[in-house]
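Chemist:
Chains as they are written, first to last, in my numbering: chain W, 1 to 356; chain E, 1 to 625.
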């Protein structure tokens, strides 16, 4: 297929037919700001912030880089005067319906609207007016939705529908009254929302915020530790966010099996045990005489278990034993367990509770 | 119903249908357009049927002859202002404003004896009687192609449609033309989409026809006519549903689509009911569905009802709505012709566009070019409303001037007032003023003046109309109907509405005016879809043509049209006032001062403009300045 030749901010680039301006710019390392755009999905085109100027066949027009396809000979400007004016206008509009008490916002410091307003020098709106004044939906145990902070970029809706495939939320009402909500305006908790929280991860402002976020500020995260979610056998990759040497939250990573998404267990319920004072750190053997557990070494504990297995096998035969693995085990652990059952126990009595 | 298996059978059916139509010695055509139904035409039709049912006895006594009478409920006859309309054939008597109690006289005089009932005739501006439709200037000066059958045949009778030449075009296409020839004919005709954009229908058809390897293609009809004061498409759907069905079937054949959808707004129950009925009739007759007229060609048609969202008139929102999703426009590409309904190649045109297709296929593109202007051939339907003598539905050649529409057809301004402006193209359009009266209306000419032909809504305004209030009204409409997706439209229209509300409340500033213009241009430039891009047009065009009116509202707090409540200045005529104290006693805020038998006065600062003094004054001394 013949390539199309376009110029972006003076840099020539050859692209295939059907390439968007945003993709072409990325190819030559030019960053065009986006708010609603989600890589891999059809462009939403709602925020308009990626507007660029395109000169084509002697005519100049404005279009959104996420949706406009490159045409041969296009000369594209991503930061021209009219582009900056349009972006300032869009931010001005958004800011006219967005509170600026950023100090108390959990997303302060990692808010894309804040960053863009700073970048384009929009300190306050030039057209103040009525603002959305709907109550916060706090019904979900893991996250909150504050319509006042929502800029209706639909990243949450598109994630819920097209990535997660749940379809729990959508835009409700029309015009200025538009709001993101589960069906019929019911509370989040009563809807078919699975609380996976992928919507909170893509929200560019503080509108959809994980409740955990109240315990730390983004700049307090000292390190991120890449690991595998221990919850089930899927093997999702995520980063543990560490503050003061403690895991405070997790962030989905681009693992081959999860592609930046997580489920409710992975995101909210798979790491608190790390710092639990009730966590087992040594093998324990119950003292028959006292009925209490006592600490033991791994060798002692494993020897005891092996002896017992052998005794049962001898007394009652091969079929008396079975091995059942917890779904929180990794694939490798489960493989080893079934291997032990088949070779040591000498039967096929093995299964796993992973039915989620 | 007997199935029409082939072309010869269709000819036979047509001959029979004509014979049946001619066998009537008298036909009573009662207008069953939405306007006339609202003014009671259903009762008229029922009364007529009841009276004619009893007729044999009456006539046997009178003359020994039983006339064969048909009572048909037709589509909109056009002159909605004067409904219910009744026409008596073959004498061609056009009766207006018919009441149930007039029916007996009509039957006795006209049906039985062929005599006119003069008191029910229309009188024109010179007080001349107009016995026949062609005598009425409103109807005489129109060219009816799309509305040809509306008012002349029973809207839901397939046989009557066939009798007047229906399905001749489809049979010609199926048996004498190959699909590409049909596409070429439409392309050569230069038919432009009647829904607003004026995009060439032939171009769309060609692009969809070019997708040879698509597993399925669709033909979709946009019947979501949502502009306030527009009722052209509704009139076609309820007045001549078979014409739309034939036009869509032709489109299906031409582009190779086997499925079609008609998206009708839910506020058109008559259209929905008649389309459902007509589709079932056409299917039963073998003119729709599988193996049409034995040609092997199939086309299935479905009706989808909208749910009341104005934005679903936008193509991608409309297809999203048919798919069962929230009606929200999406970015393009991909275009509807490549990936439309269910991501398949889709022809999307509006009702009026498809209704033009059968005539073009039958009479040829050259014939079509003899009507209208060079770049906008054909006719355009307009629904004329507002301060005009004859409210109604009209069809005129493209290029007809505003003056001809307002004065010759519309009968001038209601009550003999002065013409001020027309809002053309609904809330997405702009206003044209006196200086544009002689502009020939077509897709390109109107665009030059910050307006659009749009789907054809024409709201006529006289000097009692405040243009700021008009802009506010349309802005409140588009703000309410914005889908809420893109930020310029969702927030921008709200901020413009707030400024307009401030100005009509007498609280606007000159800075507001600049800001209004700035936001209007911003929204026009940066919105995602046509709704947002055109929403500021009423503001932009009124600001351009009536800026002084805006300024008066702001600087001297005056609304010259006396429309803006907050700017009304109540005054007491010192000469006329007899000092009865009634106004002072009734005033809820004690804003009126004055002693007994002495002229009173209104304290401007205290007055809340409730109008109690005005309605209560026994000598008419209170007036609005």
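Built from N, CA and C at the ideal position, the CB exists for glycine as well. Quick caveat, the model's predicted, so the values are computed rather than measured.
#1: Whole alpha helix (DSSP H) runs in the region 427 to 505 of chain E with 4 or more residues, listed along the chain?
#2: Can you tell which of E:388, E:186, E:288, E:294 has its C-alpha closest to the C-alpha of residue 353 of chain E?
#3: On the three-pair Cβ rule with 8 Å, is the region 196 to 210 of chain W touching the region 496 to 507 of chain E?
#4: Tell me, which residues are paired with residue 397 of chain E by DSSP?
#5: I need the DSSP call for residue 406 of chain E, collapsed to helix, strand or coil.
#6: Going by DSSP, what residue range makes up the alpha helix (DSSP H) through residue 314 of chain W?
#7: Could you have a look at residue 210 of chain W and say whether DSSP puts it in helix, strand or coil?
#8: With burial defined as no fewer than 16 other Cβ atoms inside 10 Å of the residue's Cβ, what is the status of residue 204 of chain E: buried or exposed?
#9: Could you give the residue range of the alpha helix (DSSP H) that holds residue 114 of chain W?
#10: Would you say the region 240 to 252 of chain W touches the region 171 to 185 of chain W, given that touching needs at least three Cβ pairs under 8 Å?
#11: Could you run through the region 413 to 433 of chain E and flag, in chain order, every residue whose CB is less than 7 Å away from some CB of chain W?
#12: Tell me the rounded alpha-carbon separation between residue 62 of chain E and residue 391 of chain E.
#13: Within 10 Å of its beta-carbon, does residue 600 of chain E have 16 or more other beta-carbons around it, so buried, or fewer, so exposed?
#14: Measure from the alpha carbon of residue 201 of chain E to the alpha carbon of each residue in E:351, E:488, E:266, then state which is nearest.
#15: Grab me the residues of residue 58 of chain E's own chain with a C-beta within less than 6 Å of its C-beta, minus the 5 sequence neighbours each way, in chain order.
#16: Would you report the Cα separation of residue 281 of chain E and residue 1 of chain E, rounded to the nearest angstrom?
#17: How long is the line joining the alpha carbons of residue 456 of chain E and residue 420 of chain E, rounded to whole angstroms?
#18: Taking a contact to mean a Cβ-Cβ separation below 7 Å, would you say residue 44 of chain W touches residue 154 of chain W in this structure?
#19: How would you list, in chain order, the residues of chain A whose beta-carbon sits under 9 Å from the beta-carbon of residue 481 of chain E?
#20: Measuring only the C-alpha atoms, how far is residue 330 of chain E from residue 166 of chain W?
#21: Residue 292 of chain E to residue 304 of chain E, Cα distance in whole Å?
#22: I think residue 133 of chain E touches residue 92 of chain E, with their Cβ atoms under 8 Å apart; what is that distance to the nearest whole Å?
#23: May I have a chain-ordered list of the alpha helix (DSSP H) segments no shorter than 4 residues that lie completely inside the region 89 to 158 of chain W?
#24: Please list the partners that residue 169 of chain W has in chain E, where partner means a Cβ-to-Cβ separation under 8 Å.
#25: Let me check understanding here. Comparing Cα to Cα, which of E:242, E:97, E:99 lies closest to residue 163 of chain E?
#26: Using 10 angstroms around the beta-carbon of residue 212 of chain W, count the other beta-carbons present and answer buried if the total reaches 16, otherwise exposed.
#27: Taking just the CA atoms, how far does residue 336 of chain E sit from residue 370 of chain W?
#28: In this structure, does DSSP put residue 74 of chain W in helix, strand or coil?
#29: List the residues of chain E that residue 48 of chain W touches, going by C-beta distances under 9 Å, in chain order.
#30: Going along chain E, which residues have a C-beta under 8 Å from residue 86 of chain W?
#31: Mind checking residue 64 of chain E: buried by the 16 CB within 10 Å criterion, or exposed?
#32: Just verifying my parser: in three-state terms, what is the DSSP assignment at residue 42 of chain E?
#33: Taking C-alpha atoms, which residue in E:253, E:327, E:338, E:273 lies nearest to residue 298 of chain E?
#34: Thinking residue 88 of chain E and residue 31 of chain E are a contact (beta carbons under 8 Å), I'd like their distance in whole angstroms, please.
#35: Please confirm whether residue 236 of chain W and residue 262 of chain W have their CB atoms less than 7 Å apart.
#36: Whose Cβ in chain E lies nearer than 7 Å to the Cβ of residue 97 of chain W?
Modeler: Walking through what the data contain:
#1: Under the rule that a run must span 4 or more residues, the alpha helix (DSSP H) segments found entirely inside the region 427 to 505 of chain E read 443 to 447, 467 to 481, 487 to 504.
#2: That would be E:186, whose Cα lies nearest to the Cα of residue 353 of chain E.
#3: Short answer: they don't touch.
#4: Bridge partners of residue 397 of chain E: E:379.
#5: Correct three-state label for residue 406 of chain E: helix.
#6: Element bounds for residue 314 of chain W: 298 to 316.
#7: In this structure, residue 210 of chain W counts as strand in the three-state DSSP scheme.
#8: With 16 or more other CB atoms across the displayed protein chains lying within 10 angstroms of its CB, residue 204 of chain E is buried.
#9: Note, residue 114 of chain W: alpha helix (DSSP H), 112 to 119.
#10: No: fewer than three Cβ pairs fall under 8 Å.
#11: Per Cβ criterion, the list is empty.
#12: Low confidence applies to residue 62 of chain E: its pLDDT is 36, below 50, so where it sits in the model is not reliable enough to give any reading.
#13: Counting every other CB atom within 10 Å of its CB across the protein chains shown gives residue 600 of chain E a total of 16 or more, marking it as buried.
#14: Of the residues E:351, E:488, E:266, the one whose Cα lies closest to the Cα of residue 201 of chain E is E:351.
#15: Bear in mind that a pLDDT of 42 at residue 58 of chain E, under 50, signals an unreliable position, so the number given afterwards is only what the model happens to contain. Answer for residue 58 of chain E: no residue qualifies.
#16: Each residue's alpha carbon lies about 8 Å from the other.
#17: The straight-line gap from Cα to Cα measures roughly 19 Å.
#18: In this structure, residue 154 of chain W lies closer than 7 Å to residue 44 of chain W by Cβ.
#19: No chain A appears in the structure shown, which is made up of the protein chains W and E.
#20: So the alpha carbons of these two residues sit roughly 21 Å apart.
#21: So the two alpha carbons sit approximately 23 Å from each other.
#22: The beta-carbon distance between residue 133 of chain E and residue 92 of chain E, rounded to whole angstroms, is 7 Å. This is short enough to meet the 8 Å contact definition.
#23: Runs of the alpha helix (DSSP H) inside the region 89 to 158 of chain W: 112 to 119, 155 to 158.
#24: Per Cβ cutoff of 8 Å: no residues; residue 169 of chain W is ~11 Å from chain E at best.
#25: Taking only the C-alpha atoms, the option nearest residue 163 of chain E is E:242.
#26: Buried, by the Cβ-count rule.
#27: This structure gives no information on residue 370 of chain W, because the portion of chain W shown stretches from 1 to 356.
#28: It is coil, neither helix nor strand.
#29: Result: 486, 487, 488, 526, 527, 528.
#30: Within 8 Å Cβ-Cβ: 522, 525, 526.
#31: At residue 64 of chain E, the pLDDT of 42 sits below 50, so the modelled position is not reliable; the number obtained from the coordinates is stated separately. By the 16-neighbour rule on beta-carbons within 10 angstroms, residue 64 of chain E is exposed.
#32: Here DSSP, grouped into helix, strand and coil, assigns residue 42 of chain E to helix.
#33: The candidate whose alpha carbon is nearest that of residue 298 of chain E is E:253.
#34: About 13 Å separates the beta carbons of residue 88 of chain E and residue 31 of chain E, which is beyond the 8 Å limit, so they are not a contact pair.
#35: It is a contact, given that the beta carbons lie within the stated cut-off.
#36: Here the neighbours are 491.
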